[in-house]
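Visitor: To start, I am sharing the structure in question, which I have written as structure tokens.
2 protein chains.
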Amino acid sequence: MDYKVNVVGRKIPTEIVGKKIFPFMGIGRAQLPDRKVAPKIRRRLPGETKLLATIEEAITKSGLKNGMTISFHHHFRGGDKLMNMVIKKIAEMGIKDITLAPSSIHPIHAPLINYIEQGVIINIQCGVTGPVGDAISQGKLKGLLTVRSHGGRARSVEDGDCHIDIAFIGAPTADEFGNLNGVDGKQACGPLGYMVPDAQYADMVIAVTNNLVPFPCNNISINQNHVDYVVQIKDPIGDPTGIVSGTTRITRDPVRLRIARNCVSVIEASGLLKDGFSFQSGAGGISLAVTQFLGERMLELEIQGSFGMGGSTSALVQLLEKGLFRRLLDVQAFDKEAIRSLKENPNHIEIGASQYANIHSSGAAVDVLDTVVLGATEIDVNFNVNVVTESDGRILHGIGGHQDTSEGAKLAIIAIPLLRGRNPVVVDNVTTLTTPGMNIDVVVTDYGIALNPESKYYRRIKRAEDLRFKTIEQLRDTAYTLVGGPPDPIPFDDRIVAIIEHRDGTVLDVIRKISD
Amino acid sequence: MDYKVNVVGRKIPTEIVGKKIFPFMGIGRAQLPDRKVAPKIRRRLPGETKLLATIEEAITKSGLKNGMTISFHHHFRGGDKLMNMVIKKIAEMGIKDITLAPSSIHPIHAPLINYIEQGVIINIQCGVTGPVGDAISQGKLKGLLTVRSHGGRARSVEDGDCHIDIAFIGAPTADEFGNLNGVDGKQACGPLGYMVPDAQYADMVIAVTNNLVPFPCNNISINQNHVDYVVQIKDPIGDPTGIVSGTTRITRDPVRLRIARNCVSVIEASGLLKDGFSFQSGAGGISLAVTQFLGERMLELEIQGSFGMGGSTSALVQLLEKGLFRRLLDVQAFDKEAIRSLKENPNHIEIGASQYANIHSSGAAVDVLDTVVLGATEIDVNFNVNVVTESDGRILHGIGGHQDTSEGAKLAIIAIPLLRGRNPVVVDNVTTLTTPGMNIDVVVTDYGIALNPESKYYRRIKRAEDLRFKTIEQLRDTAYTLVGGPPDPIPFDDRIVAIIEHRDGTVLDVIRKISD
Chain A
21 MDYKVNVVGR KIPTEIVGKK IFPFMGIGRA QLPDRKVAPK IRRRLPGETK
71 LLATIEEAIT KSGLKNGMTI SFHHHFRGGD KLMNMVIKKI AEMGIKDITL
121 APSSIHPIHA PLINYIEQGV IINIQCGVTG PVGDAISQGK LKGLLTVRSH
171 GGRARSVEDG DCHIDIAFIG APTADEFGNL NGVDGKQACG PLGYMVPDAQ
221 YADMVIAVTN NLVPFPCNNI SINQNHVDYV VQIKDPIGDP TGIVSGTTRI
271 TRDPVRLRIA RNCVSVIEAS GLLKDGFSFQ SGAGGISLAV TQFLGERMLE
321 LEIQGSFGMG GSTSALVQLL EKGLFRRLLD VQAFDKEAIR SLKENPNHIE
371 IGASQYANIH SSGAAVDVLD TVVLGATEID VNFNVNVVTE SDGRILHGIG
421 GHQDTSEGAK LAIIAIPLLR GRNPVVVDNV TTLTTPGMNI DVVVTDYGIA
471 LNPESKYYRR IKRAEDLRFK TIEQLRDTAY TLVGGPPDPI PFDDRIVAII
521 EHRDGTVLDV IRKISD
Chain B
21 MDYKVNVVGR KIPTEIVGKK IFPFMGIGRA QLPDRKVAPK IRRRLPGETK
71 LLATIEEAIT KSGLKNGMTI SFHHHFRGGD KLMNMVIKKI AEMGIKDITL
121 APSSIHPIHA PLINYIEQGV IINIQCGVTG PVGDAISQGK LKGLLTVRSH
171 GGRARSVEDG DCHIDIAFIG APTADEFGNL NGVDGKQACG PLGYMVPDAQ
221 YADMVIAVTN NLVPFPCNNI SINQNHVDYV VQIKDPIGDP TGIVSGTTRI
271 TRDPVRLRIA RNCVSVIEAS GLLKDGFSFQ SGAGGISLAV TQFLGERMLE
321 LEIQGSFGMG GSTSALVQLL EKGLFRRLLD VQAFDKEAIR SLKENPNHIE
371 IGASQYANIH SSGAAVDVLD TVVLGATEID VNFNVNVVTE SDGRILHGIG
421 GHQDTSEGAK LAIIAIPLLR GRNPVVVDNV TTLTTPGMNI DVVVTDYGIA
471 LNPESKYYRR IKRAEDLRFK TIEQLRDTAY TLVGGPPDPI PFDDRIVAII
521 EHRDGTVLDV IRKISD
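Chains as they are written, first to last, in the working numbering: chain A, 21 to 536; chain B, 21 to 536.
Below, the structure is given as structure tokens:
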């Protein structure tokens, strides 16, 4: 196997499982392909119906064959029911060697492991949270896992790196001509943003709904132009209560609350916190606290921000409703309040995945973001971040918008406690490199704040007298001291089970099978 | 020159000016191409600006060269200022041999004749209303005029038959990152629907605005993903008062009012006028009266329609506001009331040109329409319609949605007085065939109603006892008698100056140069 070392120092094979690999070269340096996928032309004549009664009928009509690539959205997150339903049916129909390319895989999709073992699914292209990732770390997937950020996924679907043969779109509401939205119906999930690239670029699009409304449905997130069939089923396509996972509640831990307060101080020290300010944070406990504290500070300073960006949460919605942000741009809802707001508030604007974060477009919202606050499972002394593998090497998380927002935002902050259980979070070298350190400005921990010397905001933030700064090496040393030394090396086999793409399609790192 | 006769009996050359021509074969019979245009990939990095100060700078940055194809929208109709402005600048910069492919050309664009004569513009692809059409009929355009319906244009832009190098989008409101809408600002024009295919498929997209608002602008009709540059100018891009032309006022002529009442009776006789009914009509005087009378009848019958479709007018808006239709689907506004309604009423829904009428998509709104009422300059005994040339052979009108709605709607009605001045409207053979007779169900005139024997609604409507039916031949005879005989043949030269495409891209007819 031939290798190249990419600009973040990782050895990347030039080819894996027959797929040509391009090493990460730095921001804006990868060769720009000329054109996206040419969308498939369909012709629907007056009087032809799109309505089908069963998923089996839809699979048959779609022409799904061995070796094809299919997709789903994860807007129901832990409450998704459609993907398991369809894969079960595909397996029953004897179809195999499928590349599964949803926008994310969650613990609820653990039944897929069975179909991975049977060879129904041979490749997966997406972020993977939970048992399916663990199974891939153990070598169960015959082919390769390609992990991409949300923006990277949109790019790959549109550019054709991940050409979708058939997209299955769970639609909380649909009309019989294929206009879809996620805000109406008993099983509302909020935006359908992650499926917008699939709707536009998949060769065939099948909507599945249990809430069929008369044409034309209002609030159209994905329109009839892009939907070939509408399957009306009785069973729910997802359970909205599953959208709220353990990671979407505000923290009560005083240590984490202090980290959150320090993030707000760092943002203020950067000079960005002024009228027109824009902000994104995740749905983790610290992030939610940052959003809340930031709102309080904006109120004190009498600042109005231009936009908050979601994954939207009730914390972010409150800032919109208080007039602290003029708009929310939203690709994904993390709780019921966010879904309600998207439905009711015209200043809460649904966007597609490419609008959100596709670097191969005329411009994505992440690229005009001032600040983002993000988490990590590990960060190293070069500020490289790992959000995908745990310190034991197992694949347990997706990338989400981490890579996209940290690259796009002027100021990218990692907010983390220094230890996760008995594992140091600041380390010499991340197990898996999922966001390059050149995109990270600040690390805020419970043991001090480390500034990236390469950050444009280094000198300005450094002036803040109320903040306790450490070098990143000092944080690492403290972490190692607390746990009694550096972590043991993880026993990996040679076999590469996954690659981590940068949002531009080049490869940041590979993940190897964990030794038995 | 080799010719083929198409299924509507017109002799079509196999090639014109080096362009291969495919004769019309019937609905849904043309060979389906495999794929659309592969959109050009762009990459915009964080911090890069899109804002430019002059149109000249935008043209330079766009890389516009001799021989390229450019586009504009006509949402300002008679009030458009941008197209003349840009073409003047292009001419000044010495660029020539341009193919001009806007969504329509209006009388206000008469200055283009100058640039046609100079060879700045050598081909035009769009419907042409007024003096530019006349000039083309006189042979002034060096190349060819390709006339398409609104749906046909969307198809051709997306399929690449008319590949747009650079789209110039006049934006009543824009933010600096390229989110655009037509409902805000002093020069609001309503939807930007006709530019949606261009935004998605042009190699380069330039927005021009005199109303720049902070990011993110709300009401996003065309989003940042598709806009490469935003030019902020001081002069108005269009004059909204020019949107209302002479054709957009309700008729007061008792003869035309009777035609309108008879259209409503025909619709009722068809059995389609029941709950869930859908309807489109144009902005002509009779059409507006039909809309009003239809509303009155729906109120009497206590019927609620599913959707009215625009080109929207105040007449249609009133039906929405009275609850007679649940929704308006709208690709173009014909008056200020329509613009106001689109901005304020969430049930007034903006759609793109492909959603409206593109046959090469997974489904267009015209294809689920119950009824459409349309005009004509001529209709012949085979129910073939001419809307493009006058009886003297001059090109004076575009096709608009005529072909699309008549093909899509279950019931297509032509509503016309039997004479236009001294010209018979019902004739033996239309001067130019722009909508095939197979798509026309009924002709309603002031001298009686002719049913197409091939119409699915023939027997049902025929039963109506209060309607005065004639055969189409009887109407022709009456018309000829009234004017003292059939019209004289028009003196044409051999040279083909224009082709009329069917919405599927095949050719219905050609137009020849008028003899001097």
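Backbone N, C-alpha and C fix where the C-beta goes; we use that ideal spot for every residue, glycine too.
Any Cβ of chain A within less than 9 Å of the Cβ of V503/B?
Guide: no
Visitor: Quick one: does G114/A have its CB under 9 Å from some CB of chain B?
Guide: no
Visitor: Under a CB-based cut-off of 9 Å, is E521/B close to chain A?
Guide: no
Visitor: For a minimum of 4 consecutive residues, which ranges assigned as the alpha helix (DSSP H) are wholly contained in the segment 366-390 of chain A?
Guide: 373-377
Visitor: Do you know whose CA, among D412/A, N404/A, G505/A, F512/A, lies nearest D562/A's CA?
Guide: Residue 562/A is absent from the structure shown; chain A starts at 21 and stops at 536.
Visitor: Please list the terminal residues of the continuous beta strand (DSSP E) segment that includes I399/A.
Guide: 398-400
Visitor: If you compare alpha carbons, which of R97/B, N143/B, R442/B, T119/B is closest to H129/B?
Guide: R97/B
Visitor: I'd like to know whether the C-beta of V392/B is nearer than 9 Å to at least one C-beta of chain A.
Guide: Not an interface residue.
Visitor: Just tell me which of L495/B, V337/B, R173/B, A429/B has its CA closest to the CA of P66/A.
Guide: A429/B
Visitor: Quick check: is the beta carbon of F235/B nearer than 9 Å to any beta carbon in chain A?
Guide: yes
Visitor: So, at 7 Å on beta carbons, what are the nonlocal neighbours of V401/A in its own chain, with the 5 sequence-adjacent residues on each side left out?
Guide: D448, I492, E493, R496
Visitor: Quick check on the DSSP output: the beta strand (DSSP E) that includes G331/A runs from which residue to which?
Guide: 325-332
Visitor: When burial is assigned at 16 or more other CB atoms within 10 Å of the CB, is R442/A buried or exposed?
Guide: exposed
Visitor: Whose CA, out of A58/B, P444/B, T452/B, lies closest to the CA of L502/B?
Guide: Per the C-alpha coordinates, the member of A58/B, P444/B, T452/B positioned closest to L502/B is P444/B.
Visitor: Is there a C-beta anywhere in chain A that falls below 9 Å from the one on N406/B?
Guide: no
Visitor: Taking only three categories from DSSP, how would you classify I510/B?
Guide: coil
Visitor: Establish whether the CB of F197/B and some CB of chain A are separated by less than 9 Å.
Guide: yes
Visitor: Out of D390/A, L453/A, R360/A, which one is the CA nearest neighbour of T333/A?
Guide: T333/A has its Cα closest to that of R360/A, out of D390/A, L453/A, R360/A.
Visitor: To which residues does DSSP link N406/B through a beta bridge?
Guide: E398/B
Visitor: Going by beta-carbon coordinates alone, are L161/A and V286/A separated by less than 9 Å?
Guide: Taking 9 Å as the Cβ cut-off, L161/A and V286/A do not qualify as a contacting pair.
Visitor: Quick check on DSSP: helix, strand or coil for S426/B?
Guide: helix
Visitor: Kindly provide the ranges of any alpha helix (DSSP H) runs that are 4 or more residues long and lie completely inside the segment 135-176 of chain B, ordered along the chain.
Guide: 151-157
Visitor: Would you say S326/B reaches chain A, if we count a Cβ-Cβ gap shorter than 9 Å as a contact?
Guide: yes
Visitor: Residues of chain B with CB closer than 8 Å to the CB of G428/A, please, in chain order.
Guide: P66
Visitor: Listed from N- to C-terminal order along the chain, which residues in the segment 478-498 of chain B have their beta-carbon within a distance smaller than 8 Å of any beta-carbon of chain A?
Guide: none
Visitor: Identify whether S361/B lies in helix, strand or coil by the three-state DSSP scheme.
Guide: helix
Visitor: For the beta strand (DSSP E) containing A303/B, name the first residue and the last one.
Guide: Taken as a continuous stretch (DSSP letters only), A303/B belongs to no beta strand (DSSP E), as it is neither H nor E.
Visitor: If I'm right that T397/A touches I433/A with Cβ under 8 Å, what's the distance once you round it to whole angstroms?
Guide: Going by Cβ atoms, the distance from T397/A to I433/A rounds to 16 Å, so no, they are not a contact pair.
Visitor: Put G291/A into one of helix, strand or coil per three-state DSSP.
Guide: coil
Visitor: Looking at Q220/B and H246/B, is the spacing between their C-beta atoms short of 9 Å?
Guide: yes
Visitor: Contact defined as beta carbons within less than 8 Å: I believe P192/B pairs with N231/B. What is the distance between those atoms, to the nearest angstrom?
Guide: In this structure P192/B is in contact with N231/B, their Cβ atoms being roughly 6 Å apart against a cut-off of 8 Å.
Visitor: Pick helix, strand or coil for I481/A, following the three-state DSSP scheme.
Guide: In the structure shown, I481/A sits in a helix (DSSP, three-state: H, G or I).
Visitor: Could you tell me whether any Cβ in chain B is nearer than 9 Å to the Cβ of K85/A?
Guide: no
Visitor: Check whether the segment 298-307 of chain B touches the segment 330-348 of chain B, counting contact only when three or more Cβ pairs, one atom from each stretch, lie closer than 8 Å.
Guide: yes
Visitor: Closer than 9 Å between beta carbons: that is the criterion. Which residues of the segment 360-390 of chain A meet it against chain B?
Guide: From the segment 360-390 of chain A, only P366, N367, I369, I371, G372, S374, Q375, N378, I379, H380, S381, S382, G383, A384, A385, V386, D387, V388, L389 have a Cβ closer than 9 Å to chain B.
Visitor: Report yes or no: is there a C-beta of chain B within less than 9 Å of the C-beta of A58/A?
Guide: Interface residue, yes.
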